[in-house]
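All the letters of the sequence shown, read from the start, carry residue numbers 1 to 537 under UniProt numbering. Read the structure below first, then the notes.
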Amino acid sequence: MNVIVKNPTATVDAKTVRDWLADGKEIAFFDVREEGEFGWGHPLLAANLPYSRLELDIERFVPHKNTRTVLIGADNNLPAIAAARLTALGYSNLHIVAGGIEAWKTAGLKLFEGVYVPSKAFAEVVEHAYHTPPIEAEDLKKLIDEKADFVVLDSRTEEEFARFHVPGAISVPGAELVHRVADLVPSPDKLVVVSCAGRTRGIMGAQSLINAGIPNKVRVLKGGTQGWRLAKLDVETGERFSTSPTDAGRKTAKGWADALAAQHGVGRIAHDELAKWRKDAARTTYVIDVRTKGEYAKGHLAGATHVPGAQLLQATDTFIPVHRARVVLVDDDGVRATVTAHWLKQLGWDVHVLDKALDGQKIVSGEDETRKIWQPDVQEIAPKEARAWLGDKGRLISVTSSDAYRKERPSGAVWSIRPRLLSAVGDLVPGARVLVIGDEEGVSALAASDLREAGFDAAIVAGGVAAWKAAGLPPDTTPSALPDAERIDFLTWNWDRHFGNAAASRAYLNWELDLPRQIEEDGTAYYKIKVPAGAAH
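Structure, rendered in structure tokens:
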């Protein structure tokens, strides 16, 4: 969209930004392109904050508006627009990488494909440093056929597990592994195999168990479910979830976690110290509850955001994008927080576990109140009134994901996304009516607000796609021919690796294996790996 930038944000050259990333001071570095563009090449330490969601996420990501914040895009245009939006919200320490991604590359600086790269690369470096022991898919299949004494624990989310997993596996999302394993594996003679969909979460899960000192032999399934499928073996679907530990299991896990904290120097802080940190305007402090979604909803520390521990480790750039910020982890007994913290510390974070986190404090229930977001005030039109409001000359624009749009959409709706809205309005004259429908109100409202600024009479469908369907309005379910080139929200890079494309799986696994080399060449990662003697077994 066209935005008049009255006070252009200062540009800064790529090498200066690289120096800033290494100067030990707080910095947020955002690529404001959409994920489908970001994933084809971005600086290692740039987090993806798509312009389509900019104002919805920024205050949670960067709570202090004077934090040094750098924006990068394909060129200067979109970052300048994004900077104007952030300035309007009160952000005052903004910078744009002059020349964008091409200038970064021209300066001889490295670009990385994929998403969550800092965390995925870290897992690969962990495997190199700790020598995490693997098991091949064929060898695991032999154990299954022989009915050997072993268990497969899948460290992904329960939703991912239900879609596909190794036969017989049990879902134990990463941070829950140490927390629950004593009950799941009561015999020290049972082999424990940790799996994920590829490499990184399996490595982190297996090495977490090893670092915690469980008595069992632990192996990571090489290549996870992708390696399993490449061996021409079938996966299962459906639920097989683990449950919360018994009191005895908790006690055992607590002993392991305490030893882990001592070995890796994981610090604890008291509530009065946290209160001081929260008031410190010169330093960002993220307070994160790493328990399960259900536990968090039942009761959590006021002001703590929710990110399960394994997901936090898997996507640090998404959840804690201010580099050099403080991170305080919240848990009921400290086990999951400690396991997560000992890895975050090795990732280079200033991380602490909140002591007696939930004892005697203000506890609130329900959803994450820190995710209540700013959004513009725009007109809402009821679904059944939409056609009449648009008339013959208006346009209906869908801002759902391009994947959802391809499957079904309101009849007559064209797909677009916030950075490309003007192409969707096409030949409409200023003042024409445009109605925006989506599956997230904030995203729709931002798009409608931009359209209003561009001179159109824009509104959103009240309740979005869900309300449209509930009103009985027929969707268009014919497959859409929306070309991949327009789907800038969707990363096509090796996208079908979980859907039978063996070549994509091989390419992805080889990419993960190559990350340590790329990280060493780049030189901007903050990793501080600490391998105690006898860490692997």
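We treat Cβ as the ideally placed atom computed from N, Cα and C, and that holds for glycine.
{"Query": "Helix, strand or coil at Phe-499 [DSSP, three-state]", "Result": "coil"}
{"Query": "N- and C-terminal bounds of the alpha helix (DSSP H) containing Phe-161", "Result": "158-163"}
{"Query": "Leu-513 beta carbon less than 8 Å from that of Glu-124", "Result": "yes"}
{"Query": "Cβ contact (3+ pairs, closer than 8 Å) linking the stretch 65-78 and the stretch 285-294", "Result": "no"}
{"Query": "Helix, strand or coil at Leu-473 according to DSSP, with G and I counted as helix", "Result": "coil"}
{"Query": "Element boundaries [alpha helix (DSSP H), containing His-271]", "Result": "271-279"}
{"Query": "Buried versus exposed, by CB contacts within 10 Å (16 or more), Thr-477", "Result": "exposed"}
{"Query": "Proximity below 8 Å, CB of Gly-464 to CB of Asp-439", "Result": "yes"}
{"Query": "Per DSSP, the bridge partner or partners of Ile-437", "Result": "Ser-398"}
{"Query": "Tyr-51 - containing alpha helix (DSSP H), residue span", "Result": "Taken as a continuous stretch (DSSP letters only), Tyr-51 belongs to no alpha helix (DSSP H), as it is neither H nor E."}
{"Query": "Distance, Gly-309 Cα to Val-193 Cα", "Result": "20 Å"}
{"Query": "Proximal residues to Ile-519 (C-beta, below 7 Å), its chain only, five neighbours per side dropped", "Result": "Ala-121, Val-125 and Ala-525"}
{"Query": "Between the CA atoms of Lys-65 and Ala-337 - distance to the nearest angstrom", "Result": "28 Å"}
{"Query": "Residues of its chain near Ile-417, where Cβ-Cβ distance is below 7 Å and the 5 sequence neighbours each way are ignored", "Result": "Glu-34, Ser-52, Val-399, Ile-488 and Asp-489"}
{"Query": "Beta-carbon proximity list for Glu-236, same chain, < 8 Å, skipping 5 on both sides", "Result": "Phe-164, His-165, Val-166, Pro-167, Gly-168 and Ala-169"}
{"Query": "DSSP three-state assignment for residue 542, whether helix, strand or coil", "Result": "With the chain covering only 1 through 537, there is no way to say anything about residue 542."}
{"Query": "Ser-423 - DSSP class collapsed to helix/strand/coil", "Result": "helix"}
{"Query": "6 Å CB neighbourhood of Lys-6 in its chain, flanking five on each side removed", "Result": "In this predicted model, Lys-6 has a pLDDT of only 48, less than 50, meaning its place in the structure is not dependable; the value taken from the coordinates is given anyway. Nothing listed; no residue qualifies."}
{"Query": "Contact the stretch 167-187 vs the stretch 328-343: 3+ CB pairs below 8 Å", "Result": "yes"}
{"Query": "CA nearest to the CA of Val-378, picked from Tyr-91, Phe-456, Ala-14 and Lys-407", "Result": "Phe-456"}
{"Query": "DSSP state of Trp-493 mapped onto helix, strand, coil", "Result": "coil"}
{"Query": "Integer Cβ distance of Leu-354 from Thr-316, believed to fall under 8 Å", "Result": "Not confirmed; about 19 Å, so no contact."}
{"Query": "Straight-line Cα distance separating His-264 from Lys-15", "Result": "34 Å"}
{"Query": "Status (buried if at least 16 other CB within 10 Å, exposed otherwise) for Leu-435", "Result": "buried"}
{"Query": "Start-end ranges of the beta strand (DSSP E) lying completely within the stretch 314-350, minimum 3 residues", "Result": "326-330"}
{"Query": "Segments assigned alpha helix (DSSP H), at least 4 residues, entirely inside the UniProt domain \"Rhodanese\" (23-113)", "Result": "35-38, 54-61, 77-88 and 100-106"}
{"Query": "Proximity winner among Gly-39, Ile-144 and Tyr-130, relative to Leu-111 (alpha-carbon distances)", "Result": "Gly-39"}
{"Query": "Residue-level contact to chain C via CB, Ala-88, 8 Å cutoff", "Result": "The structure shown contains no chain C, having only a single protein chain."}
{"Query": "Proximal residues to Asp-368 (C-beta, below 7 Å), its chain only, five neighbours per side dropped", "Result": "Thr-305 and His-306"}
{"Query": "Rounded C-alpha distance that separates Ala-471 from Lys-407", "Result": "19 Å"}
{"Query": "Cβ pair Gly-99, Leu-491 closer than 8 Å", "Result": "no"}
{"Query": "Best match in Glu-453, Ala-445 and Pro-410 for proximity to Pro-430 [C-alpha to C-alpha]", "Result": "Glu-453"}
{"Query": "Inter-residue spacing [alpha-carbon to alpha-carbon] between Ser-195 and Leu-89", "Result": "43 Å"}
{"Query": "Gly-255 to Val-178 span [Cα, whole Å]", "Result": "11 Å"}
{"Query": "8 Å Cβ cutoff met for residue 552 and Gly-267", "Result": "Residue 552 lies beyond the stretch modelled for the chain, which goes from 1 to 537, so this question has no answer here."}
{"Query": "Among Leu-153, Pro-419 and Ala-107, the one whose alpha carbon lies nearest that of Thr-243", "Result": "Leu-153"}
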